[in-house]
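S.K.: In the working numbering, the protein residues as written are 6 to 42. The C-beta atom is built at its ideal place from N, Cα and C for all residues, glycine as well.
Listed below in structure tokens is the structure:
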């Protein structure tokens with residue numbers, strides 16, 4: 006089902022990738038702010 010959805014809607018995969026990168030950046034920013042608090 007996941008592969009089929011990716012093939013039918015590649016833009017959804019790009020959006021998921023962008024969201025994942027944004028979440029990783031937010032987590033890194035939170036960790037840095039906590040470490041250097």
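Between which residues of its own chain and residue 29 is the CB-CB distance below 7 Å, once the five residues before and five after are set aside?
M.R.: Position 24 of the chain shown, counting from 1, holds the residue named residue 29. Result list for residue 29: empty, nothing under 7 Å.
S.K.: Quick check: the Cα distance between residue 31 and residue 39, rounded to an integer number of angstroms?
M.R.: Here the question's residue 31 lines up with position 26 in the chain shown. Here the question's residue 39 lines up with position 34 in the chain shown. About 12 Å.
S.K.: Using the rule of at least 16 other Cβ atoms within 10 Å of the residue's Cβ for burial, across every protein chain shown, is residue 23 buried or exposed?
M.R.: Looking up residue 23 in the chain shown gives position 18. Residue 23 comes out exposed.
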